[in-house]
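The sequence shown begins at 1 in the UniProt record's numbering and counts up by one.
Note that beta-carbon positions come from the ideal geometry of N, C-alpha and C, so glycine has one too.
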Amino acid sequence: MVISVPRLVIAAPSSGSGKTTVATGLMAAFASRGLAVSPHKVGPDYIDPGYHALATGRVGRNLDAYLCGTELIAPLFAHGARGCDLAVVEGVMGLYDGAAGEGELASTAQVAKLLRAPVVLVVDASSQSRSVAALVHGFASWDPEVRVAGVILNKVGSSRHEEMLREALDASGVPVLGCLRRAAQVDTPARHLGLVPVAERRSDAVDAVGAMAEQVRRGCDLDALYALARAAGELSGAAWDAAEVVASSPPPPLPVPTLGAAPPDPPHRPERPRPQTPDGLRVVAVAGGAAFTFSYAEHAELLTAAGAEVVTFDPLRDEQLPDGTGGLVIGGGFPEVYAPELSANEPLRKAVAELAFGGAPVAAECAGLLYLSRELDGQPMCGVLDVSARMSERLTLGYRDAVAVSDSALAVAGTRMRGHEFHRTVVEPGAGAAPAWGVRAPERRVEGFVQQGVHASYLHTHWASQPGVARRFVERCRTS
């Protein structure tokens with residue numbers, strides 16, 4: 001199979017240069033021309049893909065060579081870009097920045113090479129003139145396998161400033177494909193973990209994306225950018241397919257034994273079996289809404305391929321889990337921002353506790369771990385895990401190489417996975433749970449909790465790297 005979707009990678013010398021504004025604006029501008037635009041983000045970021053989805057009307061997808069492996073970058077890209085006229089890939093950090101201590105691994109440059117895609121460098125020109133040529137020359141010549149094929153100048157102060165920048169770049173051999181003025185910067189509010197997600201500011205986000213598109217339309221040569229995208233090299237290989245990878249993953253072992261113990265006197269331990277949907281599928285409820293916005297699209301696709309009916313619910317609004325729920329997935333997000341509202345929804349907290357104490361499989365990552373805790377910043381949560389969570393001044397951030405140290409609903413002990421941590425909270429554990437992961441770096445430690453059917457951890461993982469995780473989880477829904 002040959003993959004020939006026109007594509008661009010939008011990169012920058014460093015974070016804060018304007019990649020998200022330019023990439024999102026390009027996506028929206030091309031979509032407004034009637035093109036089917038496939039949006040992608042390098043790295044583990046969950047927030048930018050929400051803006052990409054708003055700009056294109058398609059699911060934003062991540063391309064992370066650390067979490068998924070280099071061999072899956074092109075297949076996952078082809079899966080997302082199937083049937084599209086153009087793909088725009090927003091980079092991460094600086095062009096050559098990747099996983100700490102791992103060389104080019106997980107960098108924008110590596111992904112651009114794996115996709116045989118031209119790179120457009122977004123340069124913050126606010127405090128330079130002729131020096132911009134030296135900067136662009138350095139990035140364009142650092143790795144001859146990376147094709148830096150154009151520059152978009154950002155935060156340009158005036159017409160005279162633009163003229164000086166263009167003159168300096170004339171001799172660089174890298175064409176200027178856009179120039180965005182400093183006064184026209186789009187307001188995208190941020191807080192302790194980055195931009196505020198789309199789900200929390202939907203109407204404002206629509207306006208912001210529209211402003212990004214207009215800024216790009218005025219300042220960029222869209223025809224030249226599309227011609228550049230069409231010059232991307234062909235890729236060979238098949239697109240990733242959830243049904244195929246689940247079918248080819250090892251069959252799940254026998255149901256795991258109950259590990260750990262529930263806290264004393266759990267408030268709602270059911271005596272009845274959980275219902276099954278009429279067609280024999282198990283419902284897997286996936287937390288969504290403003291408090292739980294972090295998820296990879298491939299997770300739901302893998303669960304569906306494994307035989308689940310995936311139903312989204314909002315812990316801020318829904319007082320009960322979806323009918324027939326046999327398993328629960330609670331991803332990342334910002335429960336610390338909504339702790340009072342989550343706590344006030346006592347009926348749902350009780351329903352989650354009842355499901356978990358009944359042995360149903362529950363997969364919780366980061367925000368999900370906080371929601372299952374006894375309390376978060378003094379606000380009562382679900383009480384499934386005997387842990388207390390609170391905000392911290394310290395940011396915990398980085399890729400993690402992990403191995404499962406306890407059998408769980410997700411994996412047998414010894415399963416290796418790579419994950420990513422990104423939070424400003426800490427948990428103070430109590431008793432009754434086994435550890436979920438052994439983490440090797442930056443220090444050796446155990447992390448997370450396994451208790452009955454619950455697997456809760458700070459680590460964000462990408463199940464495409466281990467599709468057997470979804471198959472095992474759904475099988476546990478059927479047998480628990």
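Beta-bridge pairing of residue i - partner residues as DSSP gives them
i, result
"Gly150", "Val120"
"Lys41", "Asn62 and Glu90"
"Phe422", "Leu397"
"Val454", "Val362 and Gln451"
"Gln128", "Answer by DSSP bridge pairing: none, since Gln128 is not bridged."
"Glu71", "Glu71 pairs with nothing; no bridge assigned."
"Val329", "Val286 and Ala363"
"Val403", "Arg416 and Gly438"
"Ser141", "BP columns for Ser141 are empty, so no partner."
"Ala389", "Leu376 and Val427"
"Leu235", "Ile3"
Selected residue, minimal CA-CA separation from residue i, among the options
i, options, result
"Leu225", "Lys350, Pro429 and Ala23", "Ala23"
"Cys366", "Glu346, Arg390 and Arg349", "Arg390"
"Gln215", "Val156, Leu303, Val59 and Arg444", "Val156"
"Val337", "His52, Ala140, Thr461 and Asp377", "Asp377"
"Ala109", "Ser127, Glu200, Glu90 and Gly50", "Glu90"
"Tyr46", "Ala229, Gly448 and Phe422", "Phe422"
"Val122", "Ala11, Val37 and Arg416", "Ala11"
"Gly358", "Ala364, Val384, Asp207 and Pro380", "Val384"
"Trp142", "Tyr96, Glu163 and Ser4", "Tyr96"
"Asp124", "Ala402, Leu153 and Thr396", "Leu153"
"Ser15", "Arg218, Gly326, Gly83 and Ser107", "Ser107"
"Ala140", "Glu167, Gly173, Phe313 and Ser480", "Gly173"
"Ala231", "Ser480, Ala168, Leu169 and Ile3", "Ile3"
"Val111", "Glu163, Arg400, Asp48 and His40", "His40"
"Glu428", "Arg445, Arg374 and Ser295", "Arg374"
"Ser392", "Val426, Thr70, Asp407 and Gly368", "Val426"
"Ala78", "Ala213, Arg182, Val5 and Arg218", "Val5"
"Leu395", "Thr415, Val403, Ser408 and His420", "His420"
"Leu369", "Met93, Gly138 and Glu447", "Glu447"
"Ala351", "Gly327, Gly332 and Pro250", "Gly327"
"Pro347", "Gln320, Ala356 and Ala339", "Gln320"
"Pro13", "Val136, Ala227, Ala168 and Arg82", "Val136"
"Ala213", "His52, Val42, Gly468 and Arg472", "His52"
"Asp318", "Gly333, Gly432, Gly332 and Ala344", "Ala344"
"Gly331", "Ala356, Ala300 and Ala339", "Ala300"
"Glu102", "Glu475, Val474, Pro467 and Pro442", "Pro442"
"Ala168", "Gln128, Ser158 and Leu195", "Gln128"
"Phe334", "Gly288, Arg349 and Val474", "Gly288"
"Pro144", "Leu195, Lys113, Arg349 and Thr21", "Lys113"
"Asp207", "Thr21, Phe473, Gly432 and Arg472", "Thr21"
Contact check, residue i vs residue j, beta carbons under 8 Å
i, j, result
"Ala243", "Ala297", "no"
"Ala100", "Gly398", "yes"
"Cys179", "Ala308", "no"
"His455", "Leu410", "yes"
"Pro322", "Gly453", "no"
"Trp463", "Leu281", "no"
"Val387", "Gly324", "no"
"Leu165", "Val132", "yes"
"Ala470", "Val246", "yes"
"Val311", "Val283", "yes"
"Arg418", "Leu63", "no"
"Ser457", "Ala436", "yes"
"Leu316", "Glu341", "yes"
"Leu35", "Ala229", "no"
"Ala65", "Glu200", "no"
"Pro380", "Thr293", "no"
"Ala55", "Val286", "no"
"Val405", "Gly438", "yes"
"Pro49", "Arg58", "no"
"Ser38", "Cys84", "yes"
"Ala353", "Cys382", "yes"
"Arg444", "Asp401", "no"
"Ser408", "Val450", "yes"
"Gly69", "Ser465", "yes"
"Ser126", "Arg182", "yes"
"Ser295", "Pro467", "no"
"Arg424", "Val403", "no"
"Val92", "Gly43", "yes"
Chain D within 8 Å of residue i, Cβ atoms only
i, result
"Val206", "Checking the listed chains, one finds no chain D in this structure; it contains a single protein chain."
Residue i Cβ short of 7 Å to the ligand NAD heavy atom set
i, result
"Ser406", "Summarising the ligand content, the structure contains no ligands, and the ligand NAD is consequently not present."
Please confirm if the region 19–36 is in contact with the region 208–224, defined as three or more CB-CB distances below 8 Å between the two stretches. yes
For the region 135–154 against the region 111–121, do three or more pairs of beta-carbon atoms, one drawn from each stretch, fall closer than 8 Å, so that the two count as touching? yes
Counting only runs of 4+ residues fully inside the region 3–35, write out the alpha helix (DSSP H) ranges in chain order. 19–32
The region 226–240 contacting the region 71–85, beta-carbon criterion three pairs below 8 Å: A contact exists between the region 226–240 and the region 71–85.
My parser needs the beta strand (DSSP E) runs of 3 or more residues fully inside the region 296–340; what are they? 308–313 and 325–330
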